[in-house]
Structures are given as structure tokens and as C-alpha cells.
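Quick notes on the structure that follows.
Protein chains: 2
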Amino acid sequence: MGDRLPLRAERRRRTEGRILDAARALFAEVGYERATVRAIAKAAGIDPALVMQYFGSKQALFQEAVRMAPEPDPGLGAEELVEGLLGTLDLKLGDLPQSSLAMLRSMLTHPEAAVSAREALGAQIDRLAAAIPGEDARLRAALVTMIMVGVTVGHQLLELDELRGVPQEEVARLLRPSLRALTGPEVS
Amino acid sequence: MGDRLPLRAERRRRTEGRILDAARALFAEVGYERATVRAIAKAAGIDPALVMQYFGSKQALFQEAVRMAPEPDPGLGAEELVEGLLGTLDLKLGDLPQSSLAMLRSMLTHPEAAVSAREALGAQIDRLAAAIPGEDARLRAALVTMIMVGVTVGHQLLELDELRGVPQEEVARLLRPSLRALTGPEVS
DNA sequence: TATTTCACTCAACAGGCGTTGACTCAACGA
DNA sequence: TCGTTGAGTCAACGCCTGTTGAGTGAAATA
Numbered sequence: 001m002g003d004r005l006p007l008r009a010e011r012r013r014r015t016e017g018r019i020l021d022a023a024r025a026l027f028a029e030v031g032y033e034r035a036t037v038r039a040i041a042k043a044a045g046i047d048p049a050l051v052m053q054y055f056g057s058k059q060a061l062f063q064e065a066v067r068m069a070p071e072p073d074p075g076l077g078a079e080e081l082v083e084g085l086l087g088t089l090d091l092k093l094g095d096l097p098q099s100s101l102a103m104l105r106s107m108l109t110h111p112e113a114a115v116s117a118r119e120a121l122g123a124q125i126d127r128l129a130a131a132i133p134g135e136d137a138r139l140r141a142a143l144v145t146m147i148m149v150g151v152t153v154g155h156q157l158l159e160l161d162e163l164r165g166v167p168q169e170e171v172a173r174l175l176r177p178s179l180r181a182l183t184g185p186e187v188s
Numbered sequence: 001m002g003d004r005l006p007l008r009a010e011r012r013r014r015t016e017g018r019i020l021d022a023a024r025a026l027f028a029e030v031g032y033e034r035a036t037v038r039a040i041a042k043a044a045g046i047d048p049a050l051v052m053q054y055f056g057s058k059q060a061l062f063q064e065a066v067r068m069a070p071e072p073d074p075g076l077g078a079e080e081l082v083e084g085l086l087g088t089l090d091l092k093l094g095d096l097p098q099s100s101l102a103m104l105r106s107m108l109t110h111p112e113a114a115v116s117a118r119e120a121l122g123a124q125i126d127r128l129a130a131a132i133p134g135e136d137a138r139l140r141a142a143l144v145t146m147i148m149v150g151v152t153v154g155h156q157l158l159e160l161d162e163l164r165g166v167p168q169e170e171v172a173r174l175l176r177p178s179l180r181a182l183t184g185p186e187v188s
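As given, the protein sequences belong to chains U and S, one line each in that order.
1 is the number of the first residue of the first sequence in UniProt numbering; add one for each residue after it.
1 is the number of the first residue of the second sequence in UniProt numbering; add one for each residue after it.
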């Protein structure tokens with residue numbers, strides 16, 4: 001049923017995928033520095049040298065592992081305004097892809113990850129700011145964004161007892177007024 | 001005028017201070033992994049071996065550098081209730097000691113820093129929760145705490161353009177309603 | 001079938017890391 | 001004044017890191 005790829009290309013594709021998956025998981029779990037090429041290769045079931053052959057360097061592998069479609073749109077678009085964020089708030093809180101977690105985990109200690117993070121957060125801020133009225137829209141948008149980052153850090157990365165096991169809708173419910181206070185009363 | 005310490009003890013005290021200052025600065029700037037013992041020693045103007053002689057291990061040095069008086073009280077006490085946080089909000093945002101920044105910088109990638117962070121944030125949550133009425137006080141307190149962490153991360157560690165150069169009172173002013181939405185309408 | 005291609009492994013390199021033990025020499029106590 | 005203490009240096013250790021180049025054997029090509 002599936003198209004029969006040449007065996008070699010198929011193998012290559014699969015191996016590349018396994019490396020990327022292992023890399024994302026490890027970067028997300030322990031961050032850039034502690035996720036060694038050897039550990040990633042082991043998790044992918046291959047030789048460390050192959051990682052270099054596929055991606056050139058650890059840094060390049062990281063960038064590839066962290067790269068995302070420049071906003072998968074079922075997220076929040078400018079047209080959905082602020083309610084886009086509020087509506088998918090629990091999704092944002094709970095279902096972040098491994099690539100995002102990898103970036104968040106490393107952004108404070110790995111310079112390149114910090115660059116990626118500033119880009120991604122900057123884009124998010126831009127989108128939000130376009131939907132917020134008033135003078136200090138960008139500042140408000142930045143605060144909203146960092147609130148989400150802070151809560152995500154506590155929930156997914158630090159795994160604070162107070163946030164673990166709490167259903168995402170509950171968090172979203174409590175957070176919504178705080179965010180609305182910053183964005184202004186837009187939609188319902 | 002000062003009491004004349006024996007020269008040796010005085011030197012020791014000074015050197016230890018210089019090491020700790022250099023360690024705090026570097027841990028805060030680049031995090032635990034990238035702040036090498038050699039770099040810390042160089043910044044303190046001494047030999048790397050002396051760091052070990054003073055603190056035993058890099059890990060022990062980190063713990064010492066990050067340790068704080070268990071709440072210097074001119075911060076927020078339970079008796080000041082939530083307004084304690086809101087009142088000194090700009091202080092919290094701008095004047096964090098190097099030791100706190102060192103902990104925050106490393107908390108996502110260094111396990112021991114994560115432990116310290118969970119302790120410190122847990123204590124903060126406890127204090128806040130005691131001042132928040134209602135069922136989900138601890139959850140609300142945790143969210144308030146992580147909001148502060150998120151904004152601090154964006155401001156001090158990621159140095160987002162949108163937050164850099166913004167006066168702390170401005171940030172505090174915009175943030176206050178959001179926090180109040182979580183804590184409930186306490187004092188003024 | 002003979003030849004080339006290429007996914008993959010193996011062994012090793014150079015460099016940086018935390019850490020150690022022997023040493024130096026000025027400050028101290030008797 | 002003379003032995004002792006201790007702050008500080010120096011050179012080196014073993015380890016782990018990212019990275020490399022030669023080698024292998026099965027799949028592709030002709």
C-alpha cells in the first residue's frame with residue numbers, strides 16, 4: 001500500500017527520525033550541555049559518529065531538533081485575537097511538543113537556545129501585541145508571554161508539587177482573569 | 001577603627017569573599033555547567049586549586065554561593081499579606097541578589113539548583129498561600145510565584161527587548177491587577 | 001556478475017573539565 | 001629567634017567531551 005521507497009533512502013529517513021526524537025527527548029529532559037552526543041546516539045541505537053555524519057555538529061543537531069513550523073496555526077493567530085491564547089490556554093499549558101520543551105529547558109544556559117527562545121517568544125509577543133489595544137501593547141504582550149512561560153516552567157520543567165497533577169483546565173480557569181487584566185476585555 | 005584581625009584570618013576571609021562573589025557572578029551569568037572552576041578562580045584572581053581547598057568541590061561552592069538568609073524579611077512576610085508582594089513588587093523585579101539569579105539561571109539544567117529552586121519557591125508559595133483565602137490557595141500562590149519567575153526570567157535572564165529598559169514601576173503597575181486577580185482583593 | 005555507492009561502525013584524537021598532592025614562603029606562637 | 005602553621009601556587013592526574021578518518025559490508029547500479 002505505501003509507496004516503496006528505495007531501501008536505502010527509507011533507512012536513512014528512519015534513522016534520522018530516531019536521532020531527532022532521541023535528541024529532542026534528551027534536550028528536553030536534561031538540557032543542551034548534559035545531553036551528550038554519546039547519550040543521544042545510544043538512545044537512538046546507533047554510533048555517536050553517525051550523529052555527526054547526519055547533522056554535522058551537536059549544535060546543528062540542536063537547531064534541527066528545536067526547529068518548528070513557524071507557528072502550526074492551530075495555536076493562536078492574530079485573527080483569533082487574544083481569545084486565541086485564552087481559548088487554547090490549556091493546550092498551551094499541557095501539550096507542548098518536545099521541541100519546545102527542549103528549547104525552554106536550555107534557554108537560560110545555552111546561548112544558541114537563548115537566541116531561539118528570544119525569536120520564538122518575540123514572534124509570540126508580536127502576534128499578541130497586534131491584538132492588544134493601547135499604548136503599551138508590546139509590553140503587555142511580553143508580560144502575558146512570560147506569564148505563560150513561568151507557569152509552564154513550574155509545571156513542565158521544575159515540576160512543582162503545587163502544579164503537578166492539577167488538571168490543565170483548572171490552571172487555565174485560574175489564570176484567565178490575570179491574562180485578561182493585561183490584554184484588556186476583548187472578546188467574550 | 002575596625003577591630004584588627006590577625007592578618008591571616010583577615011586574608012582568608014577576604015579571599016573567600018572574592019571567590020564567592022566571582023562564583024555568584026559567573027553562575028548568574030552563564031549557569032552552573034559553563035561557569036568553570038578555572039574561570040571563577042581567574043575572576044577571583046587566585047589559583048583554581050585554592051577554590052577546592054576552600055569549598056571542597058564545585059558543587060559545594062555552588063550551594064554556598066546560592067545559599068541565602070532564609071528570607072531577609074524586608075521582602076514579604078505573612079503578616080504583610082499579599083500586599084507584601086505587591087508593595088515590593090518592583091524591588092522583587094529589579095534588585096534580585098546575584099545568588100538568586102545564579103539559582104534561577106541554573107535551575108532548569110542543574111539538578112541541585114533545581115532542588116534549591118523548588119525549596120525556595122516552595123517557601124515563597126507557603127508564605128503566599130497563608131495569605132490567600134479560599135480552597136485553592138496553594139495553587140493560586142504557586143501561579144503568582146511562577147508569574148513572578150516568568151517575568152524575572154524574561155527581564156533579567158533572557159533580557160527580552162520588550163522588557164529591557166522598562167522602569168520597574170511600570171512593570172509592577174501593569175502586573176498588579178493580574179496578581180490581584182489571583183490573590184483576591186485583600187488590602188488597599 | 002562486477003563495480004560503485006553509502007549507511008554505519010570502530011578506534012582514536014585533542015581539548016577542557018573537576019580534582020589532587022607536593023611544594024613555597026610569609027605570618028604566627030613559643 | 002626558631003620551628004610550626006597555613007594561604008597560596010604549580011604541575012599533573014583521569015575522565016569525559018565533541019569530533020574525525022579509515023574501514024566494512026550490504027544495497028544500488030551497470
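Glycine included, each C-beta is placed from N, C-alpha and C at the ideal position.
| Query | Result |
| --- | --- |
| In terms of alpha-carbon separation, which member of U:P6, U:A25, U:I40 and U:V166 lies closest to U:L104? | U:A25 |
| Give the interface partners of U:R12 over in chain S, defined as CB-CB distance under 8 Å, in chain order. | Within 8 Å Cβ-Cβ: nothing; U:R12 doesn't reach chain S, min ~32 Å. |
| Taking 8 Å as the threshold (C-beta atoms), are S:A102 and S:F55 in contact? | no |
| If you reduce the DSSP assignment to three classes, tell me which class S:A78 lands in. | Because the pLDDT of S:A78 is 39, which lies under 50, any placement of that residue in the model is unreliable, and the number read from its coordinates should be weighed accordingly. In this structure, S:A78 counts as helix in the three-state DSSP scheme. |
| Considering only the alpha carbon of each residue, which of U:P6, U:E16, U:E169 and U:A9 lies closest to U:D95? | U:E169 |
| Below 8 Å CB to CB, which residues in the same chain sit around S:T15 once its five sequence neighbours on both sides are set aside? | A44, I46, L50 and Y54 |
| For a test of the three-state rule: what should DSSP assign to S:L143, helix, strand or coil? | helix |
| What does the alpha-carbon distance come out to for the pair U:R164 and U:F62? | 28 Å |
| Give a yes or no on whether the C-beta atoms belonging to S:T145 and S:L121 are separated by under 8 Å. | yes |
| Relative to the C-alpha of U:E29, which residue among U:Q98, U:T183, U:R38 and U:M148 is closest? | U:Q98 |
| Output the boundary residues of the alpha helix (DSSP H) element that contains S:T36. | Careful: S:T36 lies outside any alpha helix (DSSP H) and carries neither H nor E. |
| Is S:S116 buried or exposed, if buried means 16 or more other CB atoms sit within 10 Å of its CB? | buried |
| For S:I37, decide whether its Cβ has a neighbour in chain U, counting only Cβ atoms nearer than 8 Å. | First, the amino acid is wrong: residue 37 of chain S is Val here, not Ile. Closer than 8 Å: no. |
| Which residues in the same chain have their Cβ closer than 7 Å to the Cβ of U:T183, if we skip the five residues on either side of it in sequence? | V82, I132, R140 and V144 |
| Determine the contact status of S:A23 and S:A65, defining contact as a CB-CB distance below 8 Å. | yes |
| Looking at the structure shown, is S:R67 part of a helix, part of a strand, or coil, going by DSSP? | coil |
| Please go through the same chain and pick out, in chain order, the residues whose beta-carbon is closer than 6 Å to the beta-carbon of residue 189 of chain U, but skip the five residues on each side of it. | The requested residue 189 of chain U is not part of the displayed model; chain U covers only 1 to 188. |
| What first and last residue would you give for the alpha helix (DSSP H) that runs through S:R118? | P111 to A129 |
| If you measure beta-carbon to beta-carbon, which residues of the stretch 103-137 of chain U are closer than 9 Å to chain S? | L104, R105, S106, M107, L108, T109, H110, P111, A114, A117, R118, L121, G122, I125, A129 and D136 |
| Check the Cβ-Cβ distances between U:P177 and every residue of chain S, and say whether any is below 8 Å. | yes |
| State yes or no: is the beta carbon of S:R34 nearer than 8 Å to at least one beta carbon in chain U? | yes |
| What residue does the alpha helix (DSSP H) around U:R173 start on, and which one ends it? | Q168 to T183 |
| May I have the straight-line CA-CA distance separating U:A129 from U:R138, to the nearest angstrom? | 5 Å |
| Count the other CB atoms, across all protein chains shown, that sit within 10 Å of the CB of U:E79; report buried if there are 16 or more and exposed otherwise. | Note that U:E79 scores a pLDDT of 39, beneath 50, so its modelled location is shaky and nothing firm can be said. |
| Closer than 6 Å by C-beta to U:R12: which residues in its own chain qualify, once you throw out the five before and the five after it? Chain order, please. | none |
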